[in-house]
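Numbering follows the working numbering, in which position 148 of the sequence shown is assigned residue number 148; successive positions increment by one, without gaps. Note that CB positions come from ideal geometry on N, CA and C, so glycine has one too. Remember, predicted model here, so these are calculated numbers, not experimental data. Below is one structure, written out as structure tokens; the observations come after it.
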Amino acid sequence: MSSLSSVQSENLAEEQHHLTDLYRHLDDLRFRTEQRLAEARREGGGTPQARSHRDAVTAGYAERLAQLSAVEQGLCFGRLDRHDDERLHIGRIGLTDSERQLLVDWRAPAARPFYVATAVTPYGVSRRRHIRTRERLVVGLDDEILDPAAAGESAPVTGEAALLAALTANRTGRMRDIVETIQAEQDRVIRSGLGGVLVVQGGPGTGKTAVALHRAAYLLYTYREQLSARGVLIVGPNATFLRYISHVLPSLAETGVLLATLGDLFPGVTARRPEPPAAAELKGRATMVELLAEAVRGRQRVPDEPVEIVVDRHVLTLDPAAVEAARQRARGSGRLHNLARPVFAEAVLDTLAAQIAERIGYDPFWADPLGEDDALTSSNVLEEGDLADIRADLAAEPAVRAVLDELWPVLTPEDLLTGLYADPAAVPGLSPAERELLRREPGGGWSPADVPLLDEAAELLGEDDAAARDRAVRRWRQRLAYAQGVLDITAGSKSYELEDDFEAAIPNVADVMEADMLAERYADRERRSAAERAAEDRKWAYGHVIVDEAQELSPMAWRLLMRRCPSRSMTVVGDLAQAGALGTPADWAEVLSPYVADRWRLAELTVSYRTPAEILAYTRRVLAAAGVPIEPPQPVRHSGVEPWEESGGPSHLAGLVAREIAELDGGRLAVIAPAAARSALAAALPVSTDPEENAVLLTVTEAKGLEFDVVVVVDPAGIRAESPRGANDLYVALTRPTRRLGVFKPA
1 MSSLSSVQSE NLAEEQHHLT DLYRHLDDLR FRTEQRLAEA RREGGGTPQA
51 RSHRDAVTAG YAERLAQLSA VEQGLCFGRL DRHDDERLHI GRIGLTDSER
101 QLLVDWRAPA ARPFYVATAV TPYGVSRRRH IRTRERLVVG LDDEILDPAA
151 AGESAPVTGE AALLAALTAN RTGRMRDIVE TIQAEQDRVI RSGLGGVLVV
201 QGGPGTGKTA VALHRAAYLL YTYREQLSAR GVLIVGPNAT FLRYISHVLP
251 SLAETGVLLA TLGDLFPGVT ARRPEPPAAA ELKGRATMVE LLAEAVRGRQ
301 RVPDEPVEIV VDRHVLTLDP AAVEAARQRA RGSGRLHNLA RPVFAEAVLD
351 TLAAQIAERI GYDPFWADPL GEDDALTSSN VLEEGDLADI RADLAAEPAV
401 RAVLDELWPV LTPEDLLTGL YADPAAVPGL SPAERELLRR EPGGGWSPAD
451 VPLLDEAAEL LGEDDAAARD RAVRRWRQRL AYAQGVLDIT AGSKSYELED
501 DFEAAIPNVA DVMEADMLAE RYADRERRSA AERAAEDRKW AYGHVIVDEA
551 QELSPMAWRL LMRRCPSRSM TVVGDLAQAG ALGTPADWAE VLSPYVADRW
601 RLAELTVSYR TPAEILAYTR RVLAAAGVPI EPPQPVRHSG VEPWEESGGP
651 SHLAGLVARE IAELDGGRLA VIAPAAARSA LAAALPVSTD PEENAVLLTV
701 TEAKGLEFDV VVVVDPAGIR AESPRGANDL YVALTRPTRR LGVFKPA
């Protein structure tokens, strides 16, 4: 055996010994956490405060156990040898024993040189070692020598081997974390501070999404006290994308982040309905704020003619002037629409009650002949209490309620939008063509572009929680009655037949607990995480919001997100050159200035790690020939395979796709085509429309943010023609592959 092989074997054995020790420690931690979780769950009784503490402890142990289980794969992936002879092993979490640090969390300041140290600026590091593992075995080492004199002459130099190995590995349908191979420019973004808005701009393959996810993990580690209660929201472009990235944060020991699309951000609504891009663009305009406000005002009606209401054989008349006065009174209250309804109703009921009082309370003989006492000169004998009873009776009358609902209805956001879409002509400010874009029959669900409008409508309408409070009171009374019944039965079961009855001397629950205490024990307890509670609360304010593919968001979508994050602590990730939606801003200042002025910072990622040089060069030529001067990022590697171009009919395309699938060798393939051709291609090609499969058919919108080993782009001219921003869509399609690209043009 050569000396070099001997050194390698010794190094492997050394790292295997340390890795085995780490997993032994991890197993012990898991075992002890499981024991403590079981003990906490067995605890019972105590005061409400004690039970609340127990629930919090239980949730904490459960979360810790989930974290310890999530880091099973790739627990340790690196080592730093420092000039002071200290060795630091770097991993997904930190592990210590009573004497020393066994493993340094990759987010800790001590681990940062693993990502940023160079031979020019070594940060006190002589050697950086990448440790490749499979399950619990060390299968390879790659050393970078930053100070040859300090490291010794026999150490091999492999440089970027770990990065290239990760980049050329087969795709699996799930994004892998890049914790082992974070590059210096990515690390600067990940470790940027919590406050303010950070914009991460980068072209295809620069790792924007991975950087954003690792930034979420870093922020939760570094600022856990600020973020644990409020949570972190990550917004992605579609459900396929969220499934694709869903494993990354758990693998980094973070499980409390909410992943959502724009269509998920209005509680109770899952918006997936497709609609024309022009309709989505119209709904996304900032002018929709005033249009919605006008739609609300339009539901506060004044009749053209007097309205007659029959109540107990009395015919009451509500004339337009009285309704207008009631409307002005309600609007003048400064309350939102639903919260102003009681003000409007009170004014209307006053008018109607006065008419009844005038009829039933009139006494022609009730008068002061001298006219010296105003009270005595009144011909109405009803007192204020009588009038209050009349108003209450009127408020309960179905005929009166129907008129109130017609003139000033209590509205949900869904009610308002349904009415607006059914009759957009009722709202001024829209052209005939725009009204037709909005027109839609009720039913069929909601589109993602509807969600910001629903949220805006909720802000305009206000939410009257009186009914919810009443329900809570009724539930409490029911629990209280049940608890009292339990105590009565328990107290009645005591035996007092003998004065020296031992059992009678033993206090039971009725002796030591009141009904309200027992009812509290039966009450629902809040055991959900911040992310789970936030998903059901429209007014939840997140500690930090990360927006991926942010270039696609409309002005109305930004209004929604800013409401979700009043602190304006955000990470905005995107590439304006890849924007496919209509109405895309010219620059990030256009998006952010209305909310934070110039208080935002830009970080640019300039190196493409995913896309080979051959594909980026081809993309540049294709877009330049089309008159679109997009400049892709700089590639970090060559694949040695040039993109191919073919043309022909469906059978020829099917043969080409079958050939590519046969050569996949465990990777993933995507056929990306115009939406108009999707149905025909699905029937003709040996691929699936299920994004979980290894060979899939996707539109550009569905492929956005994803990556594949091989991509076949079908009908590039059709992709360009399908949208006013079709060149950007083509840019997205051409830059999805990590290995090979094929372009097929229908004959």
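Query: Sub-9 Å separation of Arg346 and Arg391 beta-carbons; Result: According to the sequence as given, residue 346 is Glu; it is not Arg. Going by C-beta atoms, Glu346 is nearer than 9 Å to Arg391.
Query: C-beta contact flag for Arg725 and Ala581 at 9 Å; Result: yes
Query: Exposed unless 16 or more other CB atoms sit within 10 angstroms - verdict on Gly203; Result: buried
Query: Chain-order list of residues whose beta-carbon lies under 6 Å from that of Asp81 (same chain, five-residue window excluded); Result: Arg87, Ser126 and Arg127
Query: Buried versus exposed call for Val512 [16 or more other C-beta atoms within 10 Å across all chains shown]; Result: Only weak support is given to the placement of Val512: the predicted model assigns it a pLDDT of 48, under 50, and the value that follows is read from those uncertain coordinates. The residue in question, Val512, is exposed, as its Cβ has fewer than 16 Cβ neighbours within 10 Å.
Query: Ser447, DSSP secondary structure in three states; Result: coil
Query: DSSP-derived helix/strand/coil call for Asp304; Result: coil
Query: Contacting residues, own chain, Cβ-Cβ under 6 Å from Ala322 (five flanking each side not counted); Result: Thr351
Query: Backbone CA spacing between Trp588 and Leu258 [nearest angstrom]; Result: 25 Å
Query: Buried/exposed call for Arg736, threshold 16 Cβ in 10 Å; Result: buried
Query: Rounded C-alpha distance that separates Glu459 from Ala425; Result: 23 Å
Query: Identity of the residue in Thr699, Ala70 and Asp665 nearest Arg720 by Cα; Result: Thr699
Query: Simplified DSSP state of Pro250, which is helix, strand or coil; Result: helix
Query: Assigned secondary structure, Phe266 (DSSP; H/G/I helix, E/B strand, else coil); Result: coil
Query: Proximity below 9 Å, CB of Val211 to CB of Val573; Result: yes
Query: 8 Å contact criterion, which Val199 and Trp600 should meet: CB distance rounded; Result: 6 Å
Query: Chain-order list of residues whose beta-carbon lies under 8 Å from that of Arg329 (same chain, five-residue window excluded); Result: Val343, Phe344 and Ala347
Query: Spatial distance of Leu706 from Tyr244 (CA atoms); Result: 7 Å
Query: Whether Leu77 touches Glu180 by CB criterion (9 Å); Result: Residue identity differs from the one stated: residue 77 is Phe in this sequence, not Leu. Result yes, Cβ atoms of Phe77 and Glu180 sit closer than 9 Å.
Query: Residues of its chain near Ser723, where Cβ-Cβ distance is below 7 Å and the 5 sequence neighbours each way are ignored; Result: Pro277, Gly580 and Asp729
Query: Cβ pair Tyr609, Pro643 closer than 9 Å; Result: no
Query: is_contact[Asp715, chain C] using C-beta, thresh 9 Å; Result: Looking for chain C here will not work: only one protein chain is present.
Query: Among Pro674, Ala717 and Cys565, nearest to Thr701 - alpha-carbon criterion; Result: Pro674
Query: When Ile90, Arg100, Gly94 and Ala119 are compared against Ile131, the one with the closest alpha-carbon; Result: Ile90
Query: C-alpha distance - Leu411 paired with Arg30, whole-angstrom precision; Result: 51 Å
Query: Residues sharing a beta bridge with Glu144, DSSP; Result: Arg128
Query: Bridge-paired residues (DSSP) for Ala670; Result: Val696 and Val711
Query: Local Cβ density within 10 Å of Asn170, reported as buried at 16 or more and exposed below that; Result: exposed
Query: Whole beta strand (DSSP E) elements within the region 301-355, 3-residue minimum; Result: 307-311 and 314-318
Query: Neighbourhood of Gly485 by C-beta distance below 7 Å, restricted to the same chain and skipping five residues each side; Result: none
Query: Boundaries of the alpha helix (DSSP H) in which Pro650 is found, first to last residue; Result: Pro650 to Ala662
Query: Bounding residues of the alpha helix (DSSP H) (the contiguous stretch that carries Trp588); Result: Trp588 to Val596
Query: Proximity winner among Thr168, Arg176, Leu592 and Glu604, relative to Asp665 (alpha-carbon distances); Result: Thr168
Query: Own chain residues within Cβ distance below 8 Å of Ala676, not counting five before or after; Result: Gly718 and Glu722
Query: Neighbourhood of Tyr542 by C-beta distance below 7 Å, restricted to the same chain and skipping five residues each side; Result: Arg230, Gly231, Val232, Leu233, Ala534, Arg564 and Cys565
Query: Environment of His83 [buried if 16+ CB atoms lie within 10 Å]; Result: exposed
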